[in-house]
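Top line first, the protein sequences correspond to chains A and B.
Once you know that position 393 of the first sequence is 1189 in our numbering, the rest is easy, because the numbers rise by one and skip nothing.
Once you know that position 410 of the second sequence is 426 in our numbering, the rest is easy, because the numbers rise by one and skip nothing.
Below you'll find the structure, written out as structure tokens, and then a few comments.
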Amino acid sequence: MAFVQEPPKDAFRLGMLIYDTRYRSITIQVVVLVLFLLFLSWLVNNTIANLALKDRTFDFAFLFARSGYDINQTLVDYTNDSSHLRAAYIGLLNTLLSALIGCALATVLGVTVGVLRLSRNWLISRLMTVYVEIFRNVPVLLWILLGAAILSEATPAPADYRVTEAMQAAGEAPKASMVLFDSVAITTRGINIPAPMVEHGLPRLELPGISLNSNLLVFFLVLGAGLYADHRIRAHARRVQEATGLRPVTWWKSLAVIFVPTIGLLMLMGFHLDYPVLKKFNFTGGIEVLHSFTALTFALAVYTAAFIAEIVRAGILAISRGQSEAAFALGLRPGRTMSLVILPQALRVIIPPLISQYLNLTKNTSLAIAVSYMDLRGTLGGVTLNQTGKELECMLLMMGIYLTISLTISSLMNLFNRAVKLKER
Amino acid sequence: MGEFTPFVRTEMLAPQAPPVSQRGAIRWLRENLFSGPLNTVLTLLGLAALLWVVSHLGPWLLHSVWNANSLTECREIIAATWGEGASGACWAMVRDRWHQYLFGFYPSPLYWRPTLAFALLFVAIAPVLYSQLPRKLLLLTAVYPALTFWLLWGGSIWVPVVAMMGFGVFAVVFRLAQPRFGVPVSAGLGAVATSLWWMFAQAPVAAVLQSIAPVTLTSVDSDQFGGFLLSVVIGVTAISASLPMGILLALGRKSDMLLVRTLSVGFIEFIRGVPLITLLFTASLLLQYFLPPGSDFDIILRVIILVTFFAAAYIAEVIRGGLAALPRGQYEAADALGLDYWQAQRLIIMPQALKISIPGIVSSFIGLFKDTTLVAFVGLNDPLKGITQIVRADINWKGIYWEPYLFAGSIFFLICFGMSRYSMWLERKLKTDHR
Chain A
797 MAFVQEPPKD
807 AFRLGMLIYD
817 TRYRSITIQV
827 VVLVLFLLFL
837 SWLVNNTIAN
847 LALKDRTFDF
857 AFLFARSGYD
867 INQTLVDYTN
877 DSSHLRAAYI
887 GLLNTLLSAL
897 IGCALATVLG
907 VTVGVLRLSR
917 NWLISRLMTV
927 YVEIFRNVPV
937 LLWILLGAAI
947 LSEATPAPAD
957 YRVTEAMQAA
967 GEAPKASMVL
977 FDSVAITTRG
987 INIPAPMVEH
997 GLPRLELPGI
1007 SLNSNLLVFF
1017 LVLGAGLYAD
1027 HRIRAHARRV
1037 QEATGLRPVT
1047 WWKSLAVIFV
1057 PTIGLLMLMG
1067 FHLDYPVLKK
1077 FNFTGGIEVL
1087 HSFTALTFAL
1097 AVYTAAFIAE
1107 IVRAGILAIS
1117 RGQSEAAFAL
1127 GLRPGRTMSL
1137 VILPQALRVI
1147 IPPLISQYLN
1157 LTKNTSLAIA
1167 VSYMDLRGTL
1177 GGVTLNQTGK
1187 ELECMLLMMG
1197 IYLTISLTIS
1207 SLMNLFNRAV
1217 KLKER
Chain B
17 MGEFTPFVRT
27 EMLAPQAPPV
37 SQRGAIRWLR
47 ENLFSGPLNT
57 VLTLLGLAAL
67 LWVVSHLGPW
77 LLHSVWNANS
87 LTECREIIAA
97 TWGEGASGAC
107 WAMVRDRWHQ
117 YLFGFYPSPL
127 YWRPTLAFAL
137 LFVAIAPVLY
147 SQLPRKLLLL
157 TAVYPALTFW
167 LLWGGSIWVP
177 VVAMMGFGVF
187 AVVFRLAQPR
197 FGVPVSAGLG
207 AVATSLWWMF
217 AQAPVAAVLQ
227 SIAPVTLTSV
237 DSDQFGGFLL
247 SVVIGVTAIS
257 ASLPMGILLA
267 LGRKSDMLLV
277 RTLSVGFIEF
287 IRGVPLITLL
297 FTASLLLQYF
307 LPPGSDFDII
317 LRVIILVTFF
327 AAAYIAEVIR
337 GGLAALPRGQ
347 YEAADALGLD
357 YWQAQRLIIM
367 PQALKISIPG
377 IVSSFIGLFK
387 DTTLVAFVGL
397 NDPLKGITQI
407 VRADINWKGI
417 YWEPYLFAGS
427 IFFLICFGMS
437 RYSMWLERKL
447 KTDHR
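Structure representation (structure tokens):
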């Protein structure tokens, strides 16, 4: 008669906490937890002792006090009577503006360079290699400083644009002239570009807490509606194509639904450009783009573009030749091959590293300190910190904000990545 | 009707040369530069860009001046030699101030010390980089940190020696305890003993040894460090410390233990989510809050610690990628052989995972070395911004813009480019698959 017997159980011994794999991980985690909590309490204890020693408190009330300093680039209303919190918000917007424009420029430049580096043109592929190697292997700080030096040293002073009566009489041209059909003036002080203006604008939309520019809002609503209509037209065309094999011509419909309403709206609002004009000592009118902003954004863009170029190149090279040969064998034209076969596959390889480049660029905007651009670090971590002496609060808040931005970008891009990823079972 | 004799050639015709457009330089040009309208346009654009750069930079470089005492003198020489209005590079600044770019304010009679330390660096890393060299050289690698610390900062030789003895204490305790308690417990005991040694025995033992055999070098303060000396000190220390830390973090992130994993993920994501500048400001502004009241340690050391954390988080992610790329079978095979966790990691997993992650690790190192320039913002004299500001503050070199950046930038380029080429070489050498 056979019967199953449980293996004899050892009585629990203290040594089993370390040598028995069933218990060891619990032991290690308990030790780690105790050490971590000890470390944490040590830090907090030290901080409390230090704060008491310096006779300081830990509170965020200073954020609502009057800031008392001016910021030279404000995307929304701000005066030196506004609070420190408002100043930090202005700084955050400046950081985001620089990051956004930098990412867009870097993507365009990086994709172009990456594709051209694979070109069969000997000269172009060599030039692009040189570009990538030079920009990748030198600190980005150098490009920012160099950009600032070029913009401040190699540009004409506003006075050089002046045409005096004596010069008119002598028929001399001024030393410098505006570029792009006399619309953009580059001076030692900044770059003056035309500003978009509306004649009969709508009043600002006042919601509790925020004030919105309703002109912009309406414009984007109309544009969004146009894009949605275009999407519907293409979807319809696809359905017709799948049913009948013939694709209806859609390009003029697309153009019409996108552009006719928006242009109509702009004409209705009396849209015009406000050109910069040379007044007494400087240009007025239009928008003055600070050199610090331009230097920072362009330097970050060309630096990051070198990395993006390598990512794009690697992504395209990762798609085997057989894919494009198969597409040609099916009779697809090169353009359709690229958009239907190569790109969807290459994007899967390209997007994850591209996300981390965007993150890097965003974090690198904190190098604004090199050119005194008033970004988040310049306001909250700079002037506010120095004025109030609230080092702990300002730094923690600033790190928290940067962390939030980073995590938001990476989670958004991960969602996008999931959308283009190969659908596996 | 006459006899018709057909003409039959008896010998072969000599092959004709291909048409002019199909051979030699012309063919190469047609294939590589002008193969279509788009390529022709691109080539012309490229040539125009090249010409523009050369026509702007060429004369400036050709008109270089190497011997002058000030920027004004440089400009006078250029105007005298090449005519009024000519522009030229004033490398005389480099000739005048190269020592500051290399050493910062390090006392000039002591330049031999950083130079010797730098030369020894190559001897110390050679056995790590090239496996053909004799293994005995690794002994020098082991003592190199202490030796360099002593050479650079000076002071009593016994401070670093006694600090290194801490590792000896660890080894002795581990050896003694291991047969009785096994690896984990004895490692813990060793760590405790070493910390006790550093906390309580370090200062008195060093003092006693110093009174018996006084061996001292003139001590140099941290604020005298600058230029590439500073970059290399921060870069090399952080690089060598961040690799082991990164490996541990990567393993922690892959661990089955929830708590260890959470802590690793939290650390990595926090460090990767904030800019390096905020971490450097933490080193300069916040550490004074987090450490016990009255403790104040060296700013360079503080910066090195934060930069190491920063690099370690990035390297951890690179190595995690390498670990993920290993086929599952490798882990299972290690388990089947009966290897324990650390043996499996050491003998099977890590050698392969690290090999896969070499390109990523080296590019993290390059990024780290480039980022050492950011220490300028916490008041240290990095070669790019700090030293250049000092040079430009001098009345003789006021207004010099391009030369300092070009000079410091090209040194960075050489180092970083060299590192990336080394990694490509290593990748080829370690490649074992036959694809």
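Every residue gets a Cβ at the ideal spot worked out from N, C-alpha and C, and that includes glycine.
All values reported here derive from a predicted model rather than from experimental measurement.
* To do: Out of THR389(B), SER103(B), PRO35(B), state which residue places its alpha-carbon closest to the alpha-carbon of VAL248(B).
  => Closest option to VAL248(B), Cα to Cα, is THR389(B).
* Roughly how many angstroms lie between the CA atoms of SER235(B) and LEU167(B), to the nearest whole one? -> Cα to Cα, the separation comes out at about 9 Å.
* **Residues, ordered as in the chain, of the segment 262–283 of chain B that lie near chain A by beta-carbon distance below 8 Å** => Listed by position along the chain: ASP272, MET273, LEU274, LEU275, VAL276, LEU279.
* Could you work out which residues of chain B lie near GLN825(A), taking near to mean beta carbons separated by less than 8 Å? => MET273, LEU274, LEU275, VAL276
* **Where the alpha helix (DSSP H) containing ILE403(B) begins and where it ends** => 402–409
* Who are the Cβ neighbours of GLY1082(A) in its own chain at under 7 Å, not counting the five residues just before and after it? -> ASN988, ILE989, PRO990, ALA991, ASP1070, TYR1071, PRO1072
* Asked: Mind checking whether VAL144(B) and THR157(B) have CB atoms under 8 Å apart?
  -> yes
* For LYS386(B) versus PRO935(A), is the C-beta distance shorter than 8 Å? -> yes
* Asked: Secondary structure at ARG111(B), three-state DSSP: helix, strand or coil?
  -> Of the three classes helix, strand and coil, the one that applies to ARG111(B) here is helix, per DSSP.
* Scan the segment 397–409 of chain B for residues whose Cβ lies nearer than 9 Å to a Cβ of chain A and list them as they occur along the chain. => ASP398, LEU400, LYS401, THR404
* Under 8 Å by beta carbon: chain B residues contacting ILE1165(A) -> ILE293, PHE393
* Which of the three DSSP states, helix, strand or coil, is assigned to GLY1127(A)? -> coil
* Rounded C-beta distance between LEU1092(A) and VAL980(A)? I'm assuming under 8 Å. -> The beta-carbon separation of LEU1092(A) and VAL980(A), rounded to 19 Å, does not stay under the 8 Å limit for a contact.
* Can you tell me whether DSSP reads MET812(A) as helix, strand or coil? -> helix
* Asked: Is the closest heavy atom of the ligand FAD to the C-beta of ASP866(A) under 7 Å?
  -> The ligand FAD is not part of this structure, which contains no ligands at all.
* Could you check where the alpha helix (DSSP H) with ILE372(B) kicks off and where it finishes? -> Element bounds for ILE372(B): 366–387.
* Asked: For ARG922(A), does the three-state DSSP call read helix, strand or coil?
  -> Here ARG922(A) sits in helix by DSSP.
* Report the rounded CA-to-CA distance for PHE1145(A) versus ALA1105(A), giving the unit in angstroms. => Residue identity differs from the one stated: residue 1145(A) is Val in this sequence, not Phe. Cα to Cα, the separation comes out at about 13 Å.
* Label GLN359(B) either buried or exposed according to how many other C-beta atoms from any shown protein chain fall within 10 Å of its C-beta, with 16 as the threshold for buried. => Here GLN359(B) is exposed: its Cβ has fewer than 16 other Cβ atoms, across all protein chains shown, within 10 Å.
* Where the alpha helix (DSSP H) through ALA11(B) begins and ends -> For residue 11(B) there is no data in the structure shown, the boundaries of chain B being 17 and 451.
* To do: Taking only beta-carbon positions, decide if LYS386(B) is within less than 8 Å of chain A.
  => yes
* In three-state DSSP terms, what is ASN933(A)? -> DSSP, read as helix, strand or coil, puts ASN933(A) in coil.
* Name, in chain order, the residues that DSSP records as bridge partners for GLU1084(A). => Residue pairing from DSSP places GLU1084(A) in a beta bridge opposite ASN988(A).
* To do: Please go through the segment 326–366 of chain B and give each complete alpha helix (DSSP H) segment of 4 or more residues, from N-terminal end onward.
  => 344–352, 357–360
* **Separation of GLY1022(A) from LEU1143(A), as counted between CA atoms** => 27 Å
* Asked: Between the segment 337–348 of chain B and chain A, which residues of the former have a C-beta closer than 9 Å to a C-beta of the latter?
  -> Within the segment 337–348 of chain B, no residue has a Cβ that lies closer than 9 Å to any Cβ of chain A.
* Beta-carbon proximity check, ARG941(A) vs HIS1087(A), cutoff 8 Å -> Strictly speaking, residue 941(A) in this sequence is Leu, with Arg absent from that position. Going by C-beta atoms, LEU941(A) is not nearer than 8 Å to HIS1087(A).
* To do: List the residues of chain A whose Cβ lies closer than 8 Å to the Cβ of GLN361(B), in chain order.
  => The premise fails here: GLN361(B) is roughly 15 Å from chain A at the closest Cβ pair, so nothing lies under 8 Å.
* Asked: Can you list, in chain order, the residues of its chain whose CB lies under 7 Å from that of VAL354(B), leaving out five sequence neighbours each side?
  -> It should be noted that the sequence gives Gly, not Val, for residue 354(B). Nothing meets the Cβ criterion.
* **Inter-residue Cα distance where the pair is HIS450(B) and ALA349(B)** => In this prediction, HIS450(B) scores a pLDDT of 48, lower than 50, which makes its location untrustworthy; the coordinate-derived value is nonetheless stated afterwards. Whole-angstrom Cα-Cα distance: 22 Å.
* Contacts around ALA1096(A), its chain only, beta-carbon distance under 6 Å, and the 5 residues preceding and following it disregarded -> Note that residue 1096(A) is Leu in the sequence shown, not Ala. The residues are GLY898, LEU1157, ASN1160.
* N- and C-terminal bounds of the beta strand (DSSP E) containing ASP1070(A) -> Unbroken beta strand (DSSP E) run through ASP1070(A): 1067–1070.
* To do: Answer with yes or no whether the minimum CB distance from MET812(A) to chain B is below 8 Å.
  => no
* Asked: Using a Cβ-Cβ cut-off of 6 Å (strictly less than) and excluding sequence neighbours within five positions of PHE454(B), which residues of its own chain qualify?
  -> Residue 454(B) lies beyond the range of chain B shown here (17 to 451); nothing can be said about it.
* Return the CA-CA distance between LEU264(B) and ALA254(B), expressed in angstroms with no decimal places. => 15 Å
* In terms of alpha-carbon separation, which member of GLN964(A), LEU1061(A), ILE1029(A), ALA953(A) lies closest to GLY997(A)? -> Of the candidates GLN964(A), LEU1061(A), ILE1029(A), ALA953(A), the one whose C-alpha sits nearest the C-alpha of GLY997(A) is LEU1061(A).
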